[in-house]
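Every number in my numbering is 1 more than the matching position in the sequence shown, counting from 1. Cβ coordinates follow ideal geometry from the N, Cα and C atoms, glycine included. Being a predicted model, the structure only gives us computed values, none of them experimental. As structure tokens, the structure follows; a few thoughts come after it.
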Amino acid sequence: MRYDLIFISTCTSLSHVHYLLSSIASNNESLRVHVIILFQCGFDLDVVYDTSYTTITKLKCEELCSLSKARNIGIKYIREHNLIASYVMFPDDDSTFDKEFFDNFVSEVYSDTLINVFCEGTNIPYQKMPQLNYLEKTNNYQNAMSVNMIIQYDHFIEIGFFDERMGVGAKYGAGEDGDFFLRICERFGPFVFNQHLHTFHPASDTKFATISLKALIERYKKYGEGVVFLLCKHKKYKQAIHCIIMGILGAFKALIIDFDGKLCFARIAGFYYRSKMLLTLITK
């Protein structure tokens, strides 16, 4: 059977995954969709979300593994079971989709595509990104997130697996999505941006306010190192330097405009770790 769309997702808790699966099952009445979801740390799901349009495959991993490794388990399953589709996506387990996404998918998607991501239940962008026109081409990694990439199946198969050195839980705590995106662009050309399609993700505006300074610094360290590693891997050294400079400018903004000392200190720490990572990579 050939599917229109395969979703690969990973789950480390049951807090949100019901919303993802129910949004697909209840809103999809037009596409042949196969959802492959990896449950980690012994978690499982006792609710059946399969429909005549949507097939759910549950994979299990008793241990907690990095995000890239978890996704690669899903990719390996597709390759070993010869599952075939037109397109592949990597939604987070707290993403959701509406009926409009499925109803308009076939008429709107014809190549590797980036779509809008809105804060759950709103039309407010999930994060600020460079502005693009309808169907404008882009190879800017800053426009790409796992939740907004629609990848042609043949390109997905040829690119292969996520770099397991990158991503949450890995040596470098970010950059795996940008790396996958850039590898596709380098091999097949840029994505197109289509704002006629969208997905939803919980808002992140207040996430920093509720965590400790130590935890916030660790997040900036992991993220900064991951982004610098990504850019150096793809020989984008000028962008790596720009990323570092923007980090220190962001620290001043947090202090002078936002009056947020904790965020300022964390961004200064991020600036230090980004700079250190760049020096480490270019002097190897």
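Do you know whose CA, among the options, lies nearest residue i's CA?
i	options	result
residue 138	230, 245 and 111	111
residue 102	174, 249 and 199	199
residue 7	133, 155, 255 and 164	155
residue 143	125, 55, 175 and 160	175
residue 57	42, 63, 70 and 23	23
residue 153	169, 132, 193 and 47	193
residue 45	55, 18 and 263	18
residue 280	252, 245 and 41	245
residue 104	272, 96, 54 and 274	54
residue 41	256, 10 and 147	10
residue 5	15, 107, 37 and 74	107
residue 36	61, 91, 67 and 2	91
residue 67	79, 173 and 25	173
residue 96	3, 21, 195 and 241	21
residue 127	201, 114 and 169	201
Apply the 10 Å Cβ neighbour rule to residue i and answer buried if 16 or more other Cβ atoms are within range, or exposed otherwise.
i	result
residue 65	exposed
residue 72	buried
residue 250	exposed
residue 76	buried
residue 230	buried
residue 135	exposed
residue 214	exposed
residue 48	exposed
residue 188	exposed
residue 29	buried
residue 159	exposed
residue 252	buried
residue 124	exposed
residue 212	exposed
residue 146	buried
residue 1	Not covered by the structure: residue 1. The range shown for the chain is 2 to 285.
residue 223	buried
Hey, could you find the ends of the beta strand (DSSP E) residue i is sitting in?
i	result
residue 114	114–120
residue 39	34–41
residue 8	3–12
Would you kindly report the start and end of the unbroken alpha helix (DSSP H) that includes residue i?
i	result
residue 267	262–283
residue 197	Here residue 197 belongs to no alpha helix (DSSP H); instead the beta strand (DSSP E) covers 192–202.
residue 18	18–28
Measure the alpha-carbon distance for residue i versus residue j and round it to whole angstroms.
i	j	result
residue 183	residue 140	7 angstroms
residue 261	residue 12	33 angstroms
residue 81	residue 164	19 angstroms
residue 177	residue 167	5 angstroms
residue 63	residue 203	27 angstroms
residue 150	residue 69	15 angstroms
residue 43	residue 59	12 angstroms
residue 269	residue 27	45 angstroms
residue 239	residue 232	9 angstroms
residue 191	residue 185	8 angstroms
residue 179	residue 228	8 angstroms
residue 118	residue 284	38 angstroms
residue 282	residue 236	11 angstroms
residue 121	residue 277	36 angstroms
residue 234	residue 99	36 angstroms
residue 34	residue 130	29 angstroms
residue 216	residue 263	11 angstroms
Would you say residue i reaches chain D, if we count a Cβ-Cβ gap shorter than 8 angstroms as a contact?
i	result
residue 97	The displayed structure is made up of one protein chain only, and chain D is not part of it.
At which residue ranges does the stretch 232–262 contain complete alpha helix (DSSP H) runs of 4 or more residues, listed in the order of the chain? 238–257
Whole beta strand (DSSP E) runs in the stretch 62–103 with 3 or more residues, listed along the chain? 85–90
Taking the runs of the alpha helix (DSSP H) that are 4 residues or longer, which of them lie wholly in the stretch 149–184? 154–160
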